[in-house]
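Peer 1: I'd like to ask you about the structure that follows.
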Amino acid sequence: KQEVTQIPAALSVPEGENLVLNCSFTDSAIYNLQWFRQDPGKGLTSLLLIQSSQREQTSGRLNASLDKSSGRSTLYIAASQPGDSATYLCAVLTGANSKLTFGKGITLSVRP
Amino acid sequence: DGGITQSPKYLFRKEGQNVTLSCEQNLNHDAMYWYRQDPGQGLRLIYYSQIVNDFQKGDIAEGYSVSREKKESFPLTVTSAQKNPTAFYLCASSRDRLVEQFFGPGTRLTVL
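So the protein sequences, as listed, match chains A and B.
Note that the working numbering gives residue 93 to position 93 of the first sequence, counting from 1, and the numbers run on in steps of one.
Note that the working numbering gives residue 1026 to position 26 of the second sequence, counting from 1, and the numbers run on in steps of one.
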């Protein structure tokens, strides 16, 4: 059974800091890994998708990496801004039923 | 604009009532999904559908039912058999089961 872990559950940083959010998963036989952002009371916004054959993806100030063999992914946020404050969720797609398994998320607060 | 809509945004249910949550997409996606989100937990899959007139149970299907009569629509009924239905419900869709999933804005269901 796939399990996805995101530690710590919450993070507070000053504005302008570069930061790394971690995600680990137990079953390396994944199709892809997706990072999402969720604002309070809202749906999920897809940030980046990394296919199993890829090592990283970039979008603006965001860079996600994937090390499938070690079961790890990181989301790098450059020059953080207060508007980046949200919960960031990692999810992996695995299995014959192509099920998306989510971590519990990291709640990020960027202080002005 | 292409996207996923969910209605209503807030829903209140009395004990013993069935309620139906709406999910519509105009992305021409074949696959659609229903997830439940509870505080402190990751998203859990309720039901998914890969094609019209076909759907499969997810991890927590008991007390829920779905239909997929049209490609654009995947309504979820929360029945009186669901013992703890208060939660945030998220609908998602994808072009097929192996690619990026996109989410709607969610429906918050509260049992009175």
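Where a beta carbon is used, it is the ideal one built from N, C-alpha and C, also for glycine.
#1: Quick one: measure Cβ to Cβ for SER1067 (chain B) and GLN1025 (chain B), integer angstroms, because I've assumed they're closer than 8 Å.
#2: My understanding is that ALA86 (chain A) touches LEU100 (chain A), with C-beta atoms under 8 Å, so please give their C-beta distance in whole angstroms.
#3: State the start and end residues of the unbroken beta strand (DSSP E) segment that holds ILE7 (chain A).
#4: Interface residues of chain A around LEU1045 (chain B) at Cβ under 8 Å?
#5: How many Å lie between ALA1087 (chain B) and ALA1031 (chain B) at the Cα?
#6: Would the segment 1004 to 1014 of chain B count as touching the segment 60 to 68 of chain A if we require 3 or more Cβ pairs under 8 Å?
#7: Consider the Cβ of LEU108 (chain A): report whether some Cβ of chain B lies at a distance smaller than 7 Å.
#8: Would you call PRO1085 (chain B) buried or exposed, if buried means 16 or more other Cβ atoms sit within 10 Å of its Cβ?
#9: Could you pull the start and end residues of the beta strand (DSSP E) that ASP953 (chain B) belongs to?
#10: Just curious, the beta strand (DSSP E) that THR45 (chain A) is in, first and last residue?
#11: Grouping DSSP H, G and I as helix and E and B as strand, with all else coil, what is PRO82 (chain A)?
#12: Compare the C-beta of LEU19 (chain A) with all C-beta atoms of chain B and state if any pair is closer than 7 Å.
#13: Judging by CA-CA distance, which residue of A:SER98, A:ASN97, A:LYS104, A:TYR88 is the nearest neighbour of LEU19 (chain A)?
#14: Keeping to the same chain, check which residues put their C-beta closer than 7 Å to that of GLN1050 (chain B); ignore five residues upstream and five downstream.
#15: For TYR31 (chain A), which residues in chain B fall below 8 Å Cβ to Cβ?
#16: In terms of residues, what are the limits of the beta strand (DSSP E) holding ARG111 (chain A)?
#17: Establish whether the CB of LEU1027 (chain B) and some CB of chain A are separated by less than 7 Å.
#18: Quick one: using the 10 Å Cβ neighbour count with 16 as the cut-off for buried, is SER70 (chain A) buried or exposed?
#19: Which of the three DSSP states is assigned to THR26 (chain A) in this structure?
#20: Give the C-beta separation of GLN1041 (chain B) and LYS1 (chain A) to the nearest angstrom, bearing in mind that I take them to be a contact with Cβ-Cβ under 8 Å.
#21: Entirely within the segment 1008 to 1092 of chain B and at least 3 residues each: give me those beta strand (DSSP E) ranges in chain order.
Peer 2: Put simply:
#1: Actually they do not touch by this definition, with Cβ atoms about 15 Å apart.
#2: ALA86 (chain A) to LEU100 (chain A), Cβ: 19 Å. No contact.
#3: It is not in any beta strand (DSSP E) - ILE7 (chain A) carries neither H nor E in the DSSP assignment.
#4: LYS99, LEU100
#5: 23 Å
#6: no
#7: So, not an interface residue.
#8: PRO1085 (chain B) counts as buried, since no fewer than 16 other beta carbons sit within 10 angstroms of its beta carbon.
#9: As displayed, chain B neither begins before 1001 nor continues past 1112, which places residue 953 (chain B) out of reach and without an answer.
#10: 44 to 51
#11: helix
#12: no
#13: A:TYR88
#14: ASP1030, ALA1031, ARG1097
#15: LEU1098
#16: Counting along the chain, ARG111 (chain A) sits inside the beta strand (DSSP E) bounded by residues 106 to 111.
#17: no
#18: exposed
#19: coil
#20: GLN1041 (chain B) to LYS1 (chain A), Cβ: 16 Å. No contact.
#21: 1010 to 1013, 1019 to 1025, 1031 to 1037, 1044 to 1051, 1054 to 1057, 1064 to 1066, 1076 to 1078
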